[in-house]
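*Asks:* I am attaching a structure below and will ask some questions about it afterwards.
Number of protein chains: 2
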Amino acid sequence: MQNPNQILTAVIMAGGRGERFWPKSRIRCPKQFLPLTGDGETMLQKTVRRVGGLVPPEQTYIVTNAEYMPLVREQLPDIPAENLLAEPAPRNTAPCIALAAAVIQKRSGNATMLVLPADHLVRHEEICSDVLCRAAAAAEETDSLVTIGITPTYPETGYGYIAFSRAKYLPRGVYQVDSFKEKPDAETARSYVNSGNYLWNSGMFVWKTDVFLDAVKTHLPAAYEIAAEIRDACDTDAFDAVLQKRFPDMPSISVDFGILEKTERLCTIPGSFGWDDVGSWPALRRVAKTDTNGNYRDGDIITIGTKNCVFSGREKLIAAVGLENIVVVDTEDALLVCDMDAAQNIKKITEMLREQGRGELL
Amino acid sequence: MQNPNQILTAVIMAGGRGERFWPKSRIRCPKQFLPLTGDGETMLQKTVRRVGGLVPPEQTYIVTNAEYMPLVREQLPDIPAENLLAEPAPRNTAPCIALAAAVIQKRSGNATMLVLPADHLVRHEEICSDVLCRAAAAAEETDSLVTIGITPTYPETGYGYIAFSRAKYLPRGVYQVDSFKEKPDAETARSYVNSGNYLWNSGMFVWKTDVFLDAVKTHLPAAYEIAAEIRDACDTDAFDAVLQKRFPDMPSISVDFGILEKTERLCTIPGSFGWDDVGSWPALRRVAKTDTNGNYRDGDIITIGTKNCVFSGREKLIAAVGLENIVVVDTEDALLVCDMDAAQNIKKITEMLREQGRGELL
Numbered sequence: 001m002q003n004p005n006q007i008l009t010a011v012i013m014a015g016g017r018g019e020r021f022w023p024k025s026r027i028r029c030p031k032q033f034l035p036l037t038g039d040g041e042t043m044l045q046k047t048v049r050r051v052g053g054l055v056p057p058e059q060t061y062i063v064t065n066a067e068y069m070p071l072v073r074e075q076l077p078d079i080p081a082e083n084l085l086a087e088p089a090p091r092n093t094a095p096c097i098a099l100a101a102a103v104i105q106k107r108s109g110n111a112t113m114l115v116l117p118a119d120h121l122v123r124h125e126e127i128c129s130d131v132l133c134r135a136a137a138a139a140e141e142t143d144s145l146v147t148i149g150i151t152p153t154y155p156e157t158g159y160g161y162i163a164f165s166r167a168k169y170l171p172r173g174v175y176q177v178d179s180f181k182e183k184p185d186a187e188t189a190r191s192y193v194n195s196g197n198y199l200w201n202s203g204m205f206v207w208k209t210d211v212f213l214d215a216v217k218t219h220l221p222a223a224y225e226i227a228a229e230i231r232d233a234c235d236t237d238a239f240d241a242v243l244q245k246r247f248p249d250m251p252s253i254s255v256d257f258g259i260l261e262k263t264e265r266l267c268t269i270p271g272s273f274g275w276d277d278v279g280s281w282p283a284l285r286r287v288a289k290t291d292t293n294g295n296y297r298d299g300d301i302i303t304i305g306t307k308n309c310v311f312s313g314r315e316k317l318i319a320a321v322g323l324e325n326i327v328v329v330d331t332e333d334a335l336l337v338c339d340m341d342a343a344q345n346i347k348k349i350t351e352m353l354r355e356q357g358r359g360e361l362l
Numbered sequence: 363m364q365n366p367n368q369i370l371t372a373v374i375m376a377g378g379r380g381e382r383f384w385p386k387s388r389i390r391c392p393k394q395f396l397p398l399t400g401d402g403e404t405m406l407q408k409t410v411r412r413v414g415g416l417v418p419p420e421q422t423y424i425v426t427n428a429e430y431m432p433l434v435r436e437q438l439p440d441i442p443a444e445n446l447l448a449e450p451a452p453r454n455t456a457p458c459i460a461l462a463a464a465v466i467q468k469r470s471g472n473a474t475m476l477v478l479p480a481d482h483l484v485r486h487e488e489i490c491s492d493v494l495c496r497a498a499a500a501a502e503e504t505d506s507l508v509t510i511g512i513t514p515t516y517p518e519t520g521y522g523y524i525a526f527s528r529a530k531y532l533p534r535g536v537y538q539v540d541s542f543k544e545k546p547d548a549e550t551a552r553s554y555v556n557s558g559n560y561l562w563n564s565g566m567f568v569w570k571t572d573v574f575l576d577a578v579k580t581h582l583p584a585a586y587e588i589a590a591e592i593r594d595a596c597d598t599d600a601f602d603a604v605l606q607k608r609f610p611d612m613p614s615i616s617v618d619f620g621i622l623e624k625t626e627r628l629c630t631i632p633g634s635f636g637w638d639d640v641g642s643w644p645a646l647r648r649v650a651k652t653d654t655n656g657n658y659r660d661g662d663i664i665t666i667g668t669k670n671c672v673f674s675g676r677e678k679l680i681a682a683v684g685l686e687n688i689v690v691v692d693t694e695d696a697l698l699v700c701d702m703d704a705a706q707n708i709k710k711i712t713e714m715l716r717e718q719g720r721g722e723l724l
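Chains as they are written, first to last, in our numbering: chain A, 1 to 362; chain B, 363 to 724.
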């Protein structure tokens, strides 16, 4: 479907801290570098393998922060070193993608970019590939910013939503976006799902480099100026110095808030391929294999009268008796026991540890 | 109060397996040898210290099984070696006490015995001592078997009860026992407590050696015969051989079932001194200090929105989020997470481990 003369690239955002997966996810080795689903393949490796059928390694870019570069190199030996981009400071997704777009524009001109978070899961990978291909074709033909929407299967309150109009149908199963919606409460989420006019905001995007950088120029002009400097320095001796000096001056803002909510050029393509952002420990029950009592088990686990729990251990035996909706995560130096419905408060633990000066546990 | 010519002895039963305190309590070091309440003093040491005001070390006897002898010696260096009696095989409380009675009869004639479990707690130790003294005087004057009853403070379903008649009042605050009652259901427990005619069965007993051995002769004649052989061999070169050969032939039966339920000579003295059998992990919330949210904390514990839990850890951080009525016990090689109301099922874990041949975790 895609134009054979058009270069297709992948940009994988792998700079997150993954605090909601503490204590397995640590600042020195966060979620995307962990084999969270217990099959030995890390989230990042899964993501790269998933786009591997569409994009060759030499067109695959990883944006992460400098601290994680050794982890990226170790986990992705096939990606060329010059495609591993280190952010000198974390500045959220808009600067992250602008950095990649600047480098790609210098090297490959107006290539198409598949922009993907490094820490999401996809159950039906071939359907996902087909949707990304269609999105790429639509982005190329219409000069749109295309966001992959996910047909919601239940009223999740942990996701943002995309409102779209069936009336505004474009070719290739693409719709114009009406608006973005923040994470809703339970009742609003139900009304969204029932209406049929809302999709989950997956955080996966497809666009041409020029179209994206144009949007940055319009909506985040200060960031554009820096991106242009970085682009000009790319593949010269000045690159590292310019990146170190200028990137931290980018505004810290997400691509959703900074660009997508403001542009007129935004389209969405509804996908349905078992996507999950695996946003916190309870999500493992949705995305990974569970026992007949609905327990996710990774480790040496014995259960008695226990259901709908998440167990993530290591060599040590975990014995669970009479539990329901409990998360148990055991690591070398920290143990978490958490009610499933209180998982959003795990970050309060990491905040307390930070305040107490116990950074070695973060 | 006590006759100054009468010898008072203490027999501390320290052979239990403590399986309800798994995984802290292990077969190689069960509950009575652990500082369970977090103050550094083991349950056995507490028990010996508690009777120390009434009975000198040379009249204090410990009955345990051979495996635990090194632990007993280490924890109780002041008790003479010849007072440490090793059961060749576990045979429940009737043979345990008969063994001690046989040795005491040989050495001290018709001495009075305070028989105490090694793993219970007493908050008001001086009141406990006074009750034991009165019980000793009553046992000596009336040739009764005296069981210490505890005035119940709530309808506990985990204890046996003693039915007594106020009509059958004997001197020194002692009553004749009507019957023993097995652990009741919640409704029955409430009716017991409301009636005022029931006491908790504490498992603490007082009697003269001759009176007890007479009762053994009447109700467990086979055990008596063996006890008499052991008594005759006591403090001779034949003792160890006779003990090894004959003790295992004793019937395995509790003193409650085997003797106390059958004898006419049974009296009880109601005590009220903050007694607790500390029968399982949830009991620690009753007997030890808790935080303002009712959590028992032993270890490095951080809690968010967590109440009425029991945490027993070690150096490793335990982070609890949104928990209620949960027991978390972390050890080097096993972690237990258990709903408070399911604590009686902890033994199913140890049974499973035994079946799976994982004895190293027991």
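Every residue, glycine too, gets a C-beta built ideally from N, C-alpha and C.
1. Using a Cβ cut-off of 7 Å, which residues of the stretch 332-353 of chain A contact any Cβ in chain B, in chain order?
2. Between Thr422(B) and Ala372(B), what straight-line distance do the alpha-carbon atoms span, to the nearest angstrom?
3. Under the three-state reduction of DSSP, which class applies to Lys530(B): helix, strand or coil?
4. Check whether the stretch 269-284 of chain A touches the stretch 16-24 of chain A, taking contact to mean three or more Cβ pairs, one atom from each stretch, closer than 8 Å.
5. Can you list the alpha helix (DSSP H) stretches of 4 or more residues lying completely in the stretch 169-232 of chain A, in chain order?
6. Relative to the C-alpha of Lys570(B), which candidate in Cys458(B), Arg388(B) and Ala464(B) has its C-alpha closest?
7. Is there a C-beta anywhere in chain A that falls below 8 Å from the one on Asp660(B)?
8. Determine the direct distance from the alpha carbon of Leu199(A) to that of Arg107(A), and round the result to whole angstroms.
9. Using only CA atoms, which one of Asp701(B), Thr519(B), Glu487(B) and Gly511(B) lies nearest to Ser527(B)?
10. Note down, in chain order, every chain A residue with its Cβ under 8 Å from the Cβ of Ile688(B).
11. Among all the DSSP beta bridges, which residues are the ones paired with Val699(B)?
12. So, helix, strand or coil for Gly158(A), using DSSP?
13. Spatial neighbours of Ile302(A) within its chain, please: CB distance less than 6 Å, with the 5 preceding and 5 following residues excluded, ordered by chain position.
14. I'd like to know if the stretch 169-187 of chain A and the stretch 48-68 of chain A are in contact, where contact means that at least 3 CB-CB pairs between them fall below 8 Å.
15. Identify each residue in the stretch 21-45 of chain A for which the Cβ-Cβ distance to at least one residue of chain B is less than 9 Å, and report them in chain order.
16. Give the single residue among Asn454(B), Leu483(B) and Pro439(B) whose Cα lies nearest to the Cα of Phe609(B).
17. Quick one: what does DSSP say Leu353(A) is sitting in, helix, strand or coil?
18. Roughly how many angstroms lie between the CA atoms of Cys671(B) and Thr147(A), to the nearest whole one?
19. Find the nearest neighbour of Glu626(B) within the set Met375(B), Ala462(B), Glu518(B) and Ser541(B), judged by alpha-carbon distance.
20. Is there a Cβ of chain B sitting closer than 8 Å to that of Leu317(A), yes or no?
21. Residues of chain B with a CB under 7 Å from the CB of Glu320(A): which are they?
22. Please list the partners that Ile666(B) has in chain A, where partner means a Cβ-to-Cβ separation under 7 Å.
23. Could you spell out the range, first to last residue, of the alpha helix (DSSP H) harbouring Pro77(A)?
24. Using only the heavy atoms of the ligand FMN, determine whether one of them is closer than 7 Å to the beta carbon of Asp341(A).
25. Can you tell me whether Asn194(A) is buried or exposed, with buried defined as 16 or more other CB within 10 angstroms of its CB?
26. If you drop the 5 nearest sequence neighbours on each side, which residues of the same chain put their C-beta closer than 8 Å to that of His219(A)?
27. For Val206(A) versus Thr112(A), is the C-beta spacing smaller than 8 Å?
28. How would you write the range of the alpha helix (DSSP H) that Val103(A) sits in, first residue to last?
29. State the start and end residues of the unbroken beta strand (DSSP E) segment that holds Met250(A).
30. Within the continuous beta strand (DSSP E) that includes Glu449(B), where are the two ends?
31. Let me make sure I understand the geometry here. Which of Pro155(A), Thr153(A), Ala118(A) and Ile62(A) has the alpha-carbon closest to that of Glu87(A)?
32. Which residue from Val131(A), Glu82(A), Gln32(A) and Gln6(A) puts its Cα closest to that of Ile239(A)?
33. Relative to the C-alpha of Met43(A), which residue among Val242(A), Ala14(A) and Pro70(A) is closest?
34. Does chain B have any CB closer than 8 Å to the CB of Asp291(A)?
35. Within 8 Å, do at least three Cβ pairs link the stretch 94-101 of chain A to the stretch 68-79 of chain A?
36. Run through chain B and tell me which residues come within less than 8 Å of Leu284(A), C-beta to C-beta.
*Replies:* Taking the geometry as given:
1. Asp333, Ala334, Leu335, Leu336, Val337, Cys338, Asp339, Asp341, Ala342, Asn345, Ile346, Lys348, Ile349 and Met352
2. 5 Å
3. strand
4. yes
5. 186-195 and 209-219
6. Ala464(B)
7. no
8. 34 Å
9. Gly511(B)
10. Leu323, Ile326 and Val337
11. Ala320(A) and Val690(B)
12. coil
13. Ala319
14. no
15. Trp22 and Pro23
16. Asn454(B)
17. helix
18. 46 Å
19. Ser541(B)
20. yes
21. Here the sequence assigns Ala to residue 320(A), which means Glu is not the residue at that position. Going along chain B in sequence order, the residues near Ala320(A) (Cβ under 7 Å) are Val699.
22. Asn345, Lys348 and Ile349
23. Run containing Pro77(A): none; DSSP gives neither H nor E here.
24. The ligand FMN is absent from the structure shown, which contains no ligand whatsoever.
25. exposed
26. Gly258, Ile259, Lys262 and Thr263
27. yes
28. Thr93 to Ser108
29. Neither: Met250(A) is in no beta strand (DSSP E) and is coded neither H nor E.
30. Leu446 to Glu449
31. Ile62(A)
32. Per the sequence shown, the amino acid found at residue 239(A) is Phe instead of Ile. Cα-wise, what sits closest to Phe239(A) is Glu82(A).
33. Ala14(A)
34. no
35. no
36. Near Leu284(A) there are no residues of chain B at all, since even the closest Cβ is about 16 Å away, more than 8 Å.
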